[in-house]
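Undergrad: The structure's right below; bear with me while I get my questions together.
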Amino acid sequence: MKEFCSSREFMEAVSEMAVGTGFRPRVLGHVQSDSGSVPILSLSRKVAGRAPRILIAAGIHGDEPAGPHAVLSLLEQFEKGWESLHRLQVEIVPLINPSGFDRRERHNQTGTDLNRTFGSPAPPPEIRLLMDDYRRRPIDLFVDLHEDVDTPGFYLYELAPDLPSAFGPKILAALRAEGHPINLSPVIEGMAATDGLILRTSRTVPRFFRQGAPQGLYMKRLGARRTLTFESPPRLPLSDRVAMQLLALRTVVDLYTP
Ligand SMILES: [Zn+2]
């Protein structure tokens, strides 16, 4: 697979592919990056009727390229037999942090961790554009694609009503069945984990950070019924990490499609 290192090139490729697969690219605004002024894009594809709405977001941390590349692969595969995804209202934000992507850094070019600023009264430009859009477009299911430099295998966070209804165990089982490594540590990022799943019910959601919240918590506050955050291990080749992210997404979409 081709690895993109410039956010402008990435955005051009993703826009072109989106149009070819029936997604409508919307430019929410522009932000500055080392490659110039770069659009923040949202891709949407509607279906008739009252289908559930899924939002897939990627690239909020610039040094986690598997998420944006998984969006490209999703668009490539969309026409070839991803039937369940065709039955949902789909929104995709392919790359939230262009300046971090260009520098291969977690933070944006002003040194801000964008995933701690949702809901803040004065968010950075990238996040202000998204907050304005998200508030107008309610979502049922939110999936955030991340990577974690410290992890030896895939793991995920799920913010769901309770364990019996959680998607996490099914996603992790699908990944294990394909031979992908899972982080089996009982504690990940300081939180209790079970076979790669960090489950949080609404009771265990921490208070918002004073300066803002992670995107998943913000989406929950806006009414998303379930939010998932995937974390792939950057020590593996990009193509393997993209395969993990896509398989996890495919499993979620199959579980969620009516
Ligand atoms: Zn991240």
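In the numbering used here, the protein residues as written are 711 to 968.
In this text, a Cβ means the ideal position worked out from N, Cα and C, and glycines have one as well.
1) Under the three-state reduction of DSSP, which class applies to Met711: helix, strand or coil?
2) Going by DSSP in three states, Thr731 sits in which element: helix, strand or coil?
3) What do you reckon, are the CB atoms on Gly922 and Pro891 nearer than 7 Å?
4) Quick check: does the Cβ of Glu774 come within less than 6 Å of any heavy atom belonging to ligand 1?
5) From the beta carbon of Phe714, is the nearest beta carbon of chain B less than 7 Å away?
6) Mind checking which residues open and close the beta strand (DSSP E) that includes Glu815?
7) What did DSSP end up calling His771 once you bin it into helix, strand or coil?
8) Under the rule that 16 or more other beta-carbon atoms within 10 Å means buried, what is Lys930, buried or exposed?
9) Sorted by chain position, which residues of the same chain lie with C-beta nearer than 6 Å to Ala870's C-beta, five sequence neighbours on each side aside?
10) Buried or exposed, going by whether 16 or more other CB atoms sit within 10 Å of the CB of Val729?
11) Quick one: measure Cβ to Cβ for Leu907 and Leu946, integer angstroms, because I've assumed they're closer than 8 Å.
12) Out of Val800, Trp792 and Ala780, which has the shortest C-alpha to C-alpha gap to Ala761?
13) Going by beta carbon distance, what residues of the same chain come within less than 7 Å of Arg814, once the five residues before and after it are set aside?
14) I'd like to check one pair, Phe940 with Leu855: are the Cβ atoms closer than 7 Å?
15) Looking at the unbroken alpha helix (DSSP H) that takes in Leu885, where does it start and where does it end?
16) According to DSSP, which residues form a beta bridge with Ile806?
17) Can you tell me the Cα-Cα spacing of Ser717 and Arg960, whole angstroms?
18) Given that a residue counts as buried once 16 or more other Cβ atoms are within 10 Å of its Cβ, and exposed if not, what is Glu726?
19) Is the beta carbon of Arg755 less than 7 Å from the beta carbon of Gly732?
20) Using a threshold of 6 Å, is the CB atom of His779 nearer than that to any non-hydrogen atom of ligand 1?
21) Specify, as a first and last residue, the run of the alpha helix (DSSP H) that Val781 falls within.
TA: Concretely, from the data shown:
1) coil
2) coil
3) no
4) yes
5) No chain B is present in this structure, which holds just one protein chain.
6) Element bounds for Glu815: n/a, residue is neither H nor E.
7) coil
8) buried
9) Ala876 and Arg936
10) exposed
11) Not quite, the Cβ-Cβ distance comes to about 20 Å (not below 8 Å), so this is no contact.
12) Cα-wise, what sits closest to Ala761 is Val800.
13) Gly772 and Asp773
14) yes
15) Gly878 to Ala887
16) According to DSSP, Ile806 bridges with nothing at all.
17) 25 Å
18) exposed
19) Going by C-beta atoms, Arg755 is nearer than 7 Å to Gly732.
20) no
21) Where Val781 is concerned, the enclosing alpha helix (DSSP H) stretches over Ala776 to Phe788.
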